[in-house]
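In our numbering, the protein residues as written are 332 to 475.
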């Protein structure tokens, strides 16, 4: 998936667009989550969002108490998600898996632009942000 294809999925970048794996999948257009192809697409999106330093794990699901204090690399995080995500998983299964959140710098930068909980996301991006990919590059801290 190219960056253009990634950023065409504008709802993925809403502040709550990545909490559960099924949220990510829905925001890239999947309505069924049970196939190998969907898993591959989801892992690719998760990897790209991690590479862009946009998201982080905030809960490790069923294994949270065991691994929450470990410092996983990007590759280890993707591998963990790959290992726990089984083919045939559906919405209820994803609740016991890893949960993500957007990083604080991203959320704070959006708030600085005027985003609130009642803002219509697509209009906000069009009117306040413009090119979201360029805006992220401009606003992402260099020390991340």
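Note that beta-carbon positions come from the ideal geometry of N, C-alpha and C, so glycine has one too.
Being a predicted model, the structure only gives us computed values, none of them experimental.
Opening and closing residue of the alpha helix (DSSP H) in which residue i lies
i: residue 353; result: 352 to 358
i: residue 318; result: As shown, the chain starts at 332 and ends at 475. That puts residue 318 outside it, with no answer to give.
i: residue 363; result: Element bounds for residue 363: n/a, residue is neither H nor E.
i: residue 473; result: Looking at the DSSP string, residue 473 is not in any alpha helix (DSSP H), and its letter there is neither H nor E.
i: residue 395; result: 395 to 398
i: residue 407; result: 405 to 415
Assigned secondary structure, residue i (DSSP; H/G/I helix, E/B strand, else coil)
i: residue 387; result: strand
i: residue 431; result: strand
i: residue 456; result: helix
i: residue 349; result: coil
i: residue 401; result: coil
i: residue 420; result: coil
i: residue 339; result: helix
i: residue 444; result: coil
i: residue 426; result: coil
i: residue 437; result: helix
i: residue 392; result: helix
Selection from the options that minimises the alpha carbon distance to residue i
i: residue 467; options: 376, 380 and 364; result: 380
i: residue 465; options: 383, 371 and 348; result: 383
i: residue 378; options: 402, 406, 353 and 390; result: 406
i: residue 396; options: 373, 427 and 385; result: 427
i: residue 414; options: 433, 344, 392 and 359; result: 392
i: residue 376; options: 394, 332, 402 and 390; result: 332
i: residue 418; options: 472, 358 and 373; result: 373
i: residue 344; options: 334, 470, 422 and 358; result: 358
i: residue 451; options: 335, 341 and 337; result: 341
Inter-residue CB distance, residue i and residue j (contact presumed, cutoff 8 Å)
i: residue 388; j: residue 408; result: 6 Å
i: residue 350; j: residue 431; result: 6 Å
i: residue 440; j: residue 364; result: Not confirmed; about 30 Å, so no contact.
i: residue 411; j: residue 429; result: 7 Å
- Query: Is it true that the segment 444 to 460 meets the segment 367 to 374, where meeting means three or more beta-carbon pairs spaced less than 8 Å apart?
  - Reply: Contact between the segment 444 to 460 and the segment 367 to 374 is absent, because fewer than three Cβ pairs lie under 8 Å.
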